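Enquirer: Residue numbers for the sequence shown, in this note's numbering: 180 to 400. I am attaching a structure below and will ask some questions about it afterwards.
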Amino acid sequence: MGRLITFEGLDGSGKSTQLALEAERLCGKGFQITTTHEPGGTAVGQQVREIVLHAPFGSVTPLAELALMFAARAQHIEWVILPALRAGGLVLCDRFTDSSLAYQGYGRGVPFDAIRSLENLLCQEVRPDLTLILDLDPETGAHRTGSRNRAASEPATRFEQEGIEFFRRVQQGYWEIARQEPARVRVVDGRGSIAEVHERVRQAVDEFLQRVGMVLSEPRP
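Here is the structure:
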């Protein structure tokens, strides 16, 4: 079996950028890499993504939001993640179950028992081997997402429209997840240049791969 590495963090934390950089680096070292994201990764997931991010059919309750996320996740695991893991590759995923705990649990107040029950029912025991939380203060994250949306002439998502207090709860949730599972979760300082943050990501990933015996080769010419 391969290994699942997930990238987590607030909106605007830089996780998607860092995932792409790390995927390119690891491909250069000869690893078989699958990159994917949540919500999304499949046709079903993309439909769910549109619903939970933009609510085209009207408001979405916290429990409905959670159920939709896990429906997309179940399809994503079956069609994308498990096949890649069974092929022995590395899967780099932008968000996974920790996002449900942080956003729907800590952010929206959905009972954690409900989240864990859905995880146990639908995730086929798939859990990340390494999770990197890109840690950035909510104010900076909100500024980044706002600038990005304006540059692309895109509307803010439902999550991006939440107030700073919501994102502070989400950040606290991520910190608590890291505190509870220090062997799996690494908090990466998201401040600084893209290159500076990527160096921290690289160190965390290399330490993990060495620990699990996945030997790194020299970059391809």
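Yeah, the Cβ is synthetic: ideal placement off N, Cα and C, and Gly gets one too. Source: prediction; values computed, not measured.
1. Which residues bound the beta strand (DSSP E) around Cys272?
2. What whole-angstrom Cβ distance do His255 and Gly209 have, given they're in contact under 8 Å?
3. Taking its Cβ as the centre, do 16 or more other Cβ atoms sit within 10 Å of His155, making it buried, or is it exposed?
4. Give me the Cα-Cα distance between Leu264 and Gln211, rounded to the nearest whole angstrom.
5. On a Cα-Cα basis, can you pick out the residue from Thr213, Thr240, Leu313 and Thr319 that is closest to Ser278?
6. Would you report the Cα separation of Ile373 and Glu333, rounded to the nearest angstrom?
7. For Arg347, which residues does DSSP report across the bridge?
8. Name the one or two DSSP bridge partners that Gly188 has.
9. Where does Thr324 fall in DSSP's three states?
10. What residue ranges within the stretch 236–306 form continuous beta strand (DSSP E) runs of no fewer than 3 residues, ordered along the chain?
11. Hey, could you find the ends of the beta strand (DSSP E) Asp308 is sitting in?
12. What whole-angstrom Cβ distance do Ser238 and Gly320 have, given they're in contact under 8 Å?
13. Please name the residue, chosen from Tyr285, Val223, Thr214 and Glu229, that lies closest to Ile260 on a Cα-to-Cα basis.
14. Enumerate in chain order the residues of its own chain whose CB-to-CB distance from Phe236 is below 8 Å, with the five nearest sequence positions on each side excluded.
15. Determine which residues share a DSSP beta bridge with His233 and list them.
16. Under 7 Å: does the beta carbon of Ala357 sit that close to some heavy atom of the ligand NAD?
17. For the candidate residues Phe291, Val366 and Thr240, whose alpha-carbon lies nearest to that of Val380?
18. Could you name the residues of the same chain whose beta carbon sits closer than 6 Å to that of Leu271, not counting the 5 residues immediately before and after it, in chain order?
19. If we ignore side chains and look at the alpha-carbon of each, how far apart do Phe291 and Ala357 end up?
20. For Ala281, collect the residues of the same chain with a Cβ closer than 6 Å to its Cβ; drop the 5 residues on either side in sequence, then sort them by chain order.
21. Closest by CA to Ala293, which one among Leu309, Ala243, Glu318 and Arg329?
Expert: Let's see:
1. Leu269 to Asp273
2. Not a contact, Cβ separation roughly 26 Å.
3. Residue 155 lies beyond the stretch modelled for the chain, which goes from 180 to 400, so this question has no answer here.
4. 10 Å
5. Leu313
6. 23 Å
7. Answer by DSSP bridge pairing: none, since Arg347 is not bridged.
8. Leu313
9. helix
10. 269–273
11. That residue, Asp308, is in no beta strand (DSSP E); it is neither H nor E in DSSP.
12. 24 Å between Cβ atoms; not a contact.
13. Thr214
14. Ile230
15. Answer is none; His233 lacks a bridge partner.
16. In the structure on display, the ligand NAD does not appear, and there are no ligands present to speak of.
17. Val366
18. Ile184, Leu198, Ala202 and Thr214
19. 16 Å
20. Val349, Gly352 and Tyr353
21. Ala243
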